[in-house]
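Student: Structure below; questions to follow.
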Amino acid sequence: MIERLLGTPYERRLLGGGRFSGPTAWLIAIMMFVMLSVAAAGLALAGSARLVSEGVARRHMAQITDGRSTGAAAVAALRAAPGVVSVTPVPEAELRRTLERWLGPSARDPDAALPIPVLIDVELAPGAAVQPVAAALKRAVPQAELISNSGRLGPMLRAVNSLAWLSAAIVALVALATASAVVLATRSALAAHRATIEVMHGIGATDEQITRLFQRKIAVDALAGGLAGALAAGIALLLISAGSLASAGEWTGGRLLGTLDLTLLALLPFIGAALATVVARRTILHSLRASL
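Heads up, the final residue of the sequence shown is numbered 367 in our numbering, and it's a clean run with no missing numbers.
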C-alpha cells in the first residue's frame, strides 16, 4: 500500500529528492497555513453572526415614555402573553448610570426633571410570534412600544457576514494561487528531467506512464505539505483561541465553530492535495503532448 502511494524505490530514484526536498511541498505548506487560518476565521465570524442573530431574534425591549405609573401593568401583561419566556424590568438606577455618561452627574439625581423611560427586557420562546405579545402590551399600556433588538444589530451582523464572505474569497484566491504555483513547479520539474523523459520515451514508456510517475511525486509532496501546513495552522489557532474563542462563545451563547466547520477544516489539506494532483496531471499531459 505504501509502495503504491510513494512509488517503487527505482521510481523514487528516477526523479530524485525526498519529502520536502523541492519547493512544491514547502509552498503548499505555506499556502495551506494561510488557507486554513483564514477559513477558520471566516467560519468563526459566520458562526458568531448566526449565534447572535438567533439570540437577538427572540429578545425585545418594551419602552414606555414617562410611564412609571404604568410599568407594573406592562410587566403583568407581558408575563401573561403567550410565548414569553422572561420579563425583566431594567432598574431606573441602571438607566441613570447609563445616561450619566452623556448628561453628567445630574442624570443620577432623582429630583432632577429628567424624563426616564421605563424599559422592560422581554425574551420570547423559540418560534414564538411577536405580534400577540405586542398586542397584549398595547391593550394594557397604549403608549408602550415593543422594539426588536435584531433591528438595532442588523448593520453589525451584515458587516460580520460580509467579513465572512471576504474570508471565503481570500481562501478561493489562495487556492487559485496554489494551483498556479503547482503549474509552474510541474513545468520546472519536467524541464529538469527532460533527459530522463526522452530516455523513457526511447525505451517505450507512454505519456500516461510518465505522467503517473510525476503525478505521484507531486501528490505525495502536496499531501505532506498540506498536512504540515494544517498542523502548523491548528497549533497557531489553538494558541490564539485558548481564551478568546472561549469567551466569545460564552458571549454569543454557543460554539463559534460547529462540527461541520471543524470537519471542513480537517478536509482542507486533502482537498488541497487533490487539487494539486489534478492540476499537475493536466499540466504534465499537456506539456508531453505539446513536445511531440
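Here a beta-carbon is modelled for each residue, glycine too, at the ideal position from N, C-alpha and C. Since the structure is predicted, the reported quantities are computational estimates derived from the model, not experimental observations.
Measuring alpha carbon to alpha carbon, tell me which of V258, L313, V150 and W101 ends up nearest A215.
Tutor: V150
Student: Measuring CB to CB, does E220 end up less than 9 Å from Q138?
Tutor: In contact: E220 and Q138 (Cβ atoms closer than 9 Å).
Student: Taking V246 as part of the alpha helix (DSSP H), name the residues at either end of that continuous run.
Tutor: From DSSP, the alpha helix (DSSP H) with V246 extends over N224 to A267.
Student: Hey, how far is the Cα of M275 from the Cα of V249?
Tutor: Straight-line Cα distance between these residues: approximately 35 Å.
Student: Let me make sure I understand the geometry here. Which of I310, S362, M110 and I103 has the alpha-carbon closest to that of N266?
Tutor: First, the amino acid is wrong: residue 266 is Ala here, not Asn. Closest by alpha carbon: S362.
Student: Would you list the one or two residues that DSSP bridges to T163?
Tutor: D196
Student: Would you check if the distance between the CB atom of L332 and the CB atom of G130 is smaller than 9 Å?
Tutor: no
Student: Mind checking Q218: buried by the 16 CB within 10 Å criterion, or exposed?
Tutor: exposed
Student: In three-state DSSP terms, what is A132?
Tutor: helix
Student: Excluding the five sequence neighbours on either side, which residues of its own chain have a C-beta within less than 7 Å of the C-beta of R364, listed in chain order?
Tutor: Annotation for R364: D282 place their beta carbon closer than 7 Å to its own, counting only its chain and skipping 5 residues before and after.
Student: Quick check: A351 and T173, are their CB atoms within less than 9 Å of each other?
Tutor: no
Student: Within this structure, are the beta carbons of L212 and L120 separated by less than 9 Å?
Tutor: no
Student: In whole angstroms, give me the CA-to-CA distance for L243 and R262.
Tutor: Residue identity check: residue 243 is Ala in the sequence provided, not Leu. So the alpha carbons of these two residues sit roughly 29 Å apart.
Student: In angstroms, rounded to a whole number, what distance separates the CA positions of W326 and A124?
Tutor: Summary for W326: the model assigns pLDDT 48, below 50, so the residue's position carries little reliability; its value from the coordinates is reported in the next sentence. Going from the Cα of W326 to the Cα of A124 covers about 12 Å.
Student: Along the chain, where does the alpha helix (DSSP H) that runs through G202 open and close?
Tutor: G202 -> no alpha helix (DSSP H), and no H or E assigned at all.
Student: So, for S225: in the same chain, excluding its five sequence neighbours on each side, which residues have a beta-carbon less than 6 Å away from its beta-carbon?
Tutor: V131 and A132
Student: If we count the other Cβ atoms within 10 Å of its Cβ and call it buried at 16 or more, is S112 buried or exposed?
Tutor: buried
Student: Let me check one thing: in DSSP terms, what residues is Q138 bridge-paired to?
Tutor: Per DSSP, L194 and E220.
Student: Kindly say whether V205, judged by its beta-carbon, lies nearer than 9 Å to any beta-carbon of chain B.
Tutor: No chain B appears in the structure shown, which is made up of a single protein chain.
Student: Is it buried or exposed for I278, if we count other Cβ within 10 angstroms and need 16 for buried?
Tutor: exposed
Student: Below 8 Å on the Cβ atoms is my contact criterion, and I expect A355 with Q290 to pass it. Report the Cβ-Cβ distance as a whole number of Å.
Tutor: 6 Å
Student: Assuming the contact rule is C-beta atoms closer than 8 Å, G301 and M107 should be a hit. Round their C-beta distance to whole Å, please.
Tutor: 5 Å
Student: Quick one: give me the first and last residue of the alpha helix (DSSP H) that L298 is part of.
Tutor: Element bounds for L298: D282 to I315.
Student: Is A256 closer than 9 Å to L360 when the C-beta atoms are compared?
Tutor: No, the pair does not count as a contact, with Cβ atoms beyond the cut-off.
Student: Considering only the beta carbon of each residue, do V205 and H135 sit closer than 9 Å?
Tutor: yes
Student: Out of G347, A155 and V193, point me to the one whose CA is closest to G146's CA.
Tutor: That would be V193, whose Cα lies nearest to the Cα of G146.
Student: From L298 to G158, what does the alpha carbon distance come to, in whole angstroms?
Tutor: So the two alpha carbons sit approximately 53 Å from each other.
Student: Span of the alpha helix (DSSP H) holding L153?
Tutor: G146 to A155 is the extent of the alpha helix (DSSP H) around L153.
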